[in-house]
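Below is one structure, written out as structure tokens; the observations come after it.
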Amino acid sequence: MNSVSLTDNMPCMNRRQSLHVLIQNLSIMTKHQMTLSQSIQTLRQHSQGYDQTLINHWHQQLESGVPLGKAMKELDSLSQLLLNAGITSGNISQCLDLVSQHLDFVNREVQEFTQASIYPSIIICLSILVYLGFEHQVKPNLLALTTTSHTMISPNQHNTWLTIAIPVLALIMGWTYLFRHTICCAIPLVRTYIRAIWLHVILLTTSCDIPITTSLEIIKSHTKNPKIQQELSWLIQELQHGNFPEKPNQPLPIFELGQLKSIELGIQTDTLTMQIELMQSINNLALKHQKQQLKTWSQPMLSLLTGIWVGYLIYQLYQPILNQL
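Residue numbers (the numbering used here): 5 to 329.
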């Protein structure tokens, strides 16, 4: 009998999504009194394509005595840390469930980032190409067709806007690149979004009794923003010395005083997981509200800019004809 893949009835998935499905299935199987090796063996019989290759690799690694965290090297460092914690504590099912939650979170964030940044960038680039094509190909031909005189347009006059626009655009891009870290931290939505990621990582690790300083070290190793690294280093140092700051790191903190006080209360009363869950809930509501505000303002502005752009093209299209009337 032919084996049926666990993902046959699902839409086409990339490797990251496929990895999430495999971990999710392992988590479900281990909850039903199956050992991890038995779960992997079952998945080998019901997987195809990339799933089959990945499961076979994991099985071979585990059979060779390679530790679970290192055998599943396709997982990120946080997932491997959670798996190792599950092996140490003997609660692999819970840790696989946490890894599944983490991978689902990452997949959703990657999708949102793609929709929020890559797609608009493509639209902007296409608009620029359309504009340049119109200015240099369509408009000169229209002028030639509708103008009765043989007056030539000066190339210098035709390209005057380029001599102004290109330096200004280069200056804006250079300034944005030089001050990108400051600009990033100055945007409230970005700070709320970064805080959501931090709370997600801390909550997963504290659920496995991993110290919060280890969580912050993981976050620090995955960020390249020097201002964020500075805040993480400052916070790790304060926690290691047992000192809780009276005010947040300046000038633009990710964790504000209220969040720092909640972490302090959670550590002192042994309710850190509960405090992080509460902080995460409040932060998610704030993030949802800020995203809604962005949509509320961006959609009318986008419509206005689109109208101006279309109006400009129509005006430029009919301008030579109107000049002849």
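By construction, the Cβ of each residue, glycine as well, lies at the ideal position given by its N, Cα and C atoms. Since we're looking at a predicted model, the values are computed, not measured.
L234 versus W301 - alpha carbon distance
Looking at the sequence provided, one finds Gln at residue 234 rather than Leu. Separation of Q234 and W301 (C-alpha to C-alpha, rounded to the nearest whole angstrom) is 33 Å.
Along the chain, where does the alpha helix (DSSP H) that runs through T94 open and close?
The sequence as given places Gly at residue 94; Thr does not occur at that position. Run containing G94: none; DSSP gives neither H nor E here.
Tell me the DSSP secondary structure of V70 in three-state form.
Looking at V70 - three-state DSSP - the assignment turns out to be coil, as it is neither helix nor strand.
Is it the case that the Cβ atoms of I44 and H63 are separated by a distance below 8 Å?
H63 is positioned such that its CB atom lies closer than 8 Å to that of I44.
Alpha-carbon to alpha-carbon, S219 and V205:
Going from the Cα of V205 to the Cα of S219 covers about 7 Å.
Take K74 and list the residues in its own chain whose beta-carbon comes closer than 8 Å to its own, dropping the five residues that flank it on each side.
Cβ within range, chain order: Q65 and Q84.
Closer than 7 Å by C-beta to W238: which residues in its own chain qualify, once you throw out the five before and the five after it? Chain order, please.
In its chain, beyond the 5 residues on either side, N253 have a beta carbon closer than 7 Å to the beta carbon of W238.
Nearest-angstrom Cα distance between H185 and T196?
In this structure, the alpha-carbon of H185 lies about 15 Å from that of T196.
Which value, in whole angstroms, describes the spacing of the CA atoms of N111 and Q320?
Roughly 44 Å between the two C-alpha positions.
Could you compute how far the alpha carbon of H154 sits from the alpha carbon of F138?
At H154, the pLDDT of 45 sits below 50, so the modelled position is not reliable; the number obtained from the coordinates is stated separately. In a straight line, the C-alpha of H154 is about 21 Å away from that of F138.
In this structure, how does DSSP classify D213 when only helix, strand and coil are distinguished?
In this structure, D213 counts as coil in the three-state DSSP scheme.
Taking all protein chains shown into account, do 16 or more other C-beta atoms lie within 10 angstroms of the C-beta of L173, making it buried, or fewer, making it exposed?
For L173, the number of other beta carbons within 10 angstroms of its own is below 16, and it is reported as exposed.
Leaving aside the five residues before and after T277 along the sequence, list all residues of the same chain whose C-beta is less than 8 Å from its C-beta, in chain order.
Excluding positions up to five away in sequence, the list reads L207, T210, S211 and G270.
Once DSSP output is grouped into helix, strand and coil, what is the label at T273?
Coil, per DSSP.
By how many angstroms is the C-alpha of V134 removed from the C-alpha of F259?
As the crow flies, the alpha-carbon of F259 is around 44 Å from that of V134.
Under 7 Å Cβ to Cβ from L291, same chain only, skipping five residues before and after it: list those, please.
Cβ within range, chain order: T196, Y197 and A200.
Please classify F109: does DSSP put it in a helix, a strand, or coil?
F109: helix per DSSP, three-state reduction.
For I96, which residues from the same chain have a beta carbon less than 7 Å from its beta carbon, with the 5 sequence-adjacent residues on both sides left out?
Only T34, L40 and G90 meet the Cβ criterion.
Can you tell me whether L82 is buried or exposed? The criterion is at least 16 other CB atoms within 10 Å of its CB, across all chains shown.
By the 16-neighbour rule on beta-carbons within 10 angstroms, L82 is buried.
Distance check for T180 and I187, CA to CA, integer angstroms please.
The alpha-carbon atoms of I187 and T180 are separated by roughly 8 Å.
Contact belief for V103 with I216 at Cβ below 8 Å, rounded distance in angstroms
Actually they do not touch by this definition, with Cβ atoms about 19 Å apart.
At which residue ranges does the stretch 216-265 contain complete alpha helix (DSSP H) runs of 4 or more residues, listed in the order of the chain?
Fully enclosed alpha helix (DSSP H) runs of 4 or longer: 216-225 and 230-244.
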